[in-house]
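Numbering (our numbering), first residue to last: 2 to 302.
Heads up, the beta-carbon is just placed ideally off N, CA and C, and yes, glycines get one too.
First up is the structure itself, then whatever we jot down about it.
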């Protein structure tokens, strides 16, 4: 039996899919992916997938509704073509920030996404640094939750050799910051935010950064407000070199401009989301080897 996987790609992160194929030494699977004149998505898988293990690469970001539905259509096509298994590789899993109801009348979209993926025929999920670990529990399928911290640790060590401290820029990023702090064998400081009124937020740095090299750690960067405010606060408190690591770089609006004019010297981000703009202070680390290893482990080939 042919154990080589078939890897298909949606349109959100084709470059990452190609890089994963290069790691696996396989060709990207052939598929027609276009739109009808009325805007509806048309898919035709050109590979013989009967009895085969198939993987679909697609990040749900930028145009999340479009990319999610595109993924669902591809999965349905594979299911109807008798694929043995259908694994969605979603490096950035959109809608994860709505993992609970904060107010009456709100949905839990993280659970909804899990349900529709399963309905479409997805049998396994590979993803990177979920916004909240408990989201894995929403899935009835197997979830391979990859953590990108080792990528960052190797880079941090090459940039900062001593007097390093990890910073969690808000309460929600403590867990991921703790992981890197342990791997670096260094201390952890936390920035606590408190909303004073509709227009003002106070920021308190719990920890000492005076004359230290700072690494601000978060799972994602959207508007960059949290990241930039944390960097500027650390600078005010006497930090020396300030860098940051973020798994998912959404960079909404003028986020990159904010970063370039902040106290940050460098921002390291992965390629879970294709970076449309370039910046001298933003450096990309590839998740392709890690994802390829996850595929190999799934197939043992």
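Integer Cβ distance of residue i from residue j, believed to fall under 8 Å
i, j, result
"residue 89", "residue 57", "5 Å"
"residue 259", "residue 269", "With a Cβ gap of about 17 Å, residue 259 and residue 269 do not count as contacting."
"residue 238", "residue 265", "15 Å between Cβ atoms; not a contact."
"residue 60", "residue 96", "With a Cβ gap of about 12 Å, residue 60 and residue 96 do not count as contacting."
"residue 192", "residue 221", "Their Cβ separation, rounded to whole angstroms, is 16 Å, which puts residue 192 and residue 221 out of contact at 8 Å."
"residue 178", "residue 218", "4 Å"
"residue 21", "residue 293", "5 Å"
"residue 160", "residue 83", "Contact flag wrong, Cβ pair sits at about 49 Å."
"residue 278", "residue 257", "5 Å"
Pairwise C-alpha distance: residue j and residue i
i, j, result
"residue 148", "residue 186", "18 Å"
"residue 111", "residue 150", "23 Å"
"residue 131", "residue 116", "17 Å"
"residue 253", "residue 226", "10 Å"
"residue 127", "residue 13", "16 Å"
"residue 243", "residue 51", "52 Å"
"residue 213", "residue 224", "26 Å"
"residue 189", "residue 114", "34 Å"
"residue 281", "residue 255", "15 Å"
"residue 98", "residue 134", "11 Å"
"residue 202", "residue 210", "21 Å"
"residue 1", "residue 41", "A query on residue 1 cannot be resolved here, the shown segment of the chain reaching from 2 to 302 and no further."
"residue 26", "residue 261", "37 Å"
Beta-carbon contacts of residue i that lie in its chain and below 6 Å, excluding the five residues immediately before and after
i, result
"residue 236", "264"
"residue 271", "149, 248, 286, 288"
"residue 121", "73, 76, 77"
"residue 389", "Within the shown structure, residues of the chain are numbered from 2 to 302, placing residue 389 beyond reach of any answer."
"residue 290", "24"
"residue 208", "190"
"residue 35", "43"
"residue 298", "none"
"residue 100", "111, 133, 136"
"residue 55", "7, 79, 84, 87"
"residue 15", "none"
C-beta contact flag for residue i and residue j at 8 Å
i, j, result
"residue 216", "residue 157", "yes"
"residue 245", "residue 228", "yes"
"residue 119", "residue 86", "no"
"residue 300", "residue 65", "no"
"residue 275", "residue 47", "no"
"residue 139", "residue 181", "no"
Cβ shell of residue i (< 7 Å), same chain only, five flanking positions each side left out
i, result
"residue 37", "43"
"residue 204", "192, 194, 230, 234"
"residue 251", "62, 221, 222, 223, 274"
"residue 1", "With the chain running from 2 to 302 in the structure shown, residue 1 is simply not present."
"residue 28", "22"
"residue 102", "109"
"residue 91", "59, 60, 61, 126, 128"
Contacts around residue i, its chain only, beta-carbon distance under 8 Å, and the 5 residues preceding and following it disregarded
i, result
"residue 172", "191, 193, 194"
"residue 80", "87, 121, 122"
"residue 2", "Caution applies to residue 2, whose pLDDT of 47 falls short of 50 and renders its modelled position unreliable; the model cannot decide the point."
"residue 184", "150, 151, 154"
- Should the segment 67-78 be called in touch with the segment 98-107, which here means at least 3 C-beta pairs below 8 Å? no
- Message: Closer than 8 Å is the cut-off here; do at least three beta carbon pairs connect the segment 160-168 with the segment 135-146?
- Response: no
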